[in-house]
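Below you'll find the structure, written out as structure tokens, and then a few comments.
In this note's numbering, the protein residues as written are 14 to 303.
This is the structure in structure tokens:
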């Protein structure tokens, strides 16, 4: 039976080979090419390996490359630091004859973290290792809607992101970039436990019902942590652009905090404050009802 980490390693190598072209690495194209990207023998040549050995790695067969071989492959494939770490994570796990025990218990948000959420005036949520939405504050509800209205098993950022009914046909201008960020974080989680039932269920469902997800997932991009900007289109206050960053919580792998912030004294900060005030007014009106 193929080791799950070896299979994931082979898929990652194949995806990274497919994005390169001969001129990227100083090779001549040499007539018509039947494959997208470099050939296996070309990567093997660049890394100083035999073609058979490299082919067995891509096939997920019983190959345990040394760190020197991994370094050579990372250089040949032009991997960045995050991709290099991902390569080593997968290869080191694939060296073990049997899968090391991984904590698959329920993810718990500490009380101190929930208390922190309550006192934060900026939108913040806690996401699990597979992007399940575990907790959020009032400011996040004002910005993102009321996630508590959904069944618990649907409270997942990837499932929500690829749900056309909830995203309004994905009109957000940076939708694909955000999708790649979340997919990259899921890839990092899968690297620690490729057969985790929750990851298998989410990826399996989205692979069946979304051609866009299949295309982006096949890129094998990986993100250990993410920060960036996102523009929200709110009917109540208009467009507002916020910065967002992730912060790991204790435990590995474990939940992490996703926080949205606005530039101080900016129009976006004013709109975010107004959005929170409107949310508080609505909440107060609901509590006053008999």
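For every residue, glycine included, the Cβ atom is placed at its ideal position computed from N, Cα and C.
Considering only 60, 101, 108, the residue with the shortest C-alpha distance to residue 88 is 60. The C-alpha of residue 155 is placed about 11 Å away from the C-alpha of residue 250. For residue 285, the three-state secondary structure derived from DSSP is helix.
Taking the CA atoms as reference points, residue 117 sits about 13 Å from residue 268.
Closest option to residue 203, judged by alpha-carbon separation, among 120, 143, 126: 143. Counting every other CB atom within 10 Å of its CB across the protein chains shown gives residue 207 a total of 16 or more, marking it as buried.
Counting along the chain, the unbroken beta strand (DSSP E) around residue 260 starts and ends at 251-261. Boundaries of the alpha helix (DSSP H) around residue 100: 94-108.
Here residue 271 has 138, 140, 259 as same chain residues with Cβ atoms under 6 Å from its own Cβ, once five neighbours each way along the sequence are excluded. Residue 221 is classed as exposed because its beta carbon has fewer than 16 other beta carbons within 10 Å across all chains shown. Residue nearest to residue 255 within the set 219, 135, 175 is 135 (criterion: CA-CA distance). The closest CA to that of residue 72, considering only 24, 85, 162, 287, is found on 24.
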